[in-house]
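One structure is given below, encoded as structure tokens.
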């Protein structure tokens, strides 16, 4: 996946942007999708498909703790993806200027 | 900033209609300059935090070196630069910026409402100016 495609996925919706900020500000956060939704002031319904996109991308991971499925940031994968984004942005001109 | 937010909240209790212009004396040129400077500083720090927290410090530094934050209080210019870099993702970053800015200034943010980055910055600027009038 190219840096450009990763960027499009990361910023694919407002909820996804909120999720990124939440997990980057709290990199040790482990919570259920319900809990994550509450933390960003959204409903579970609004968040579930956005979490799924980030799980597919690999920036979030999921595991079972007791009876609950929880999600958390995969820090190594997150670093790797953001590095690709950074490398992509190095090649892009700002405001159409070269 | 907490002081600013609490003062702003005080001002909205005194002025429940949110009309900042009608309740106080106009700013002198010096006060206006200081208020503009303060607003610009709050905005730039908020943009830095928002972009850095969404996409990481490396990305933020690259964007800074490309001049994203030059003249950040010019909403049209900032919007143009963001769109050239992020396409549709620009609106997502702008919402993150406005959400953080509103939180700092004690302005309510409604994620369901239609969004206009320029108008949102104008509202935030008015709140900063109202704060300056109260000093």
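Chains as they are written, first to last, in my numbering: chain A, 2 to 99; chain B, 2 to 136. The beta carbon of each residue, even a glycine, is placed where N, CA and C say it ideally should be.
Euclidean distance between Cα positions of residue 27 of chain B and residue 33 of chain B: 9 Å
Per DSSP, cross-strand counterpart(s) of residue 15 of chain A: None, per the DSSP bridge assignment.
Rounded C-alpha distance that separates residue 91 of chain B from residue 58 of chain A: 20 Å
Inter-residue Cα distance where the pair is residue 9 of chain A and residue 101 of chain B: Approximately 22 Å, taken between the alpha carbons.
Run of the beta strand (DSSP E) containing residue 93 of chain A, from where it starts to where it stops: Premise fails: residue 93 of chain A is in no beta strand (DSSP E) and is neither H nor E.
Beta-carbon proximity check, residue 108 of chain B vs residue 125 of chain B, cutoff 8 Å: yes
Beta-carbon proximity list for residue 78 of chain A, same chain, < 7 Å, skipping 5 on both sides: 59, 60
Between the CA atoms of residue 31 of chain A and residue 71 of chain A - distance to the nearest angstrom: 6 Å
Exposure label - residue 96 of chain B; buried when at least 16 CB within 10 Å: With a threshold of 16 other beta carbon atoms within 10 Å, residue 96 of chain B meets it and is buried.
With 16 other Cβ atoms within 10 Å as the buried cut-off, status of residue 22 of chain B: Confidence at residue 22 of chain B is low in this model, with a pLDDT of 48, below 50, so its placement is unreliable and the value that follows should be read with caution. Residue 22 of chain B comes out exposed.
CB contact below 8 Å: residue 107 of chain B versus chain A: No, because no Cβ of chain A sits closer than 8 Å to the Cβ of residue 107 of chain B.
Alpha-carbon spacing of residue 110 of chain B relative to residue 65 of chain B, whole angstroms: 27 Å
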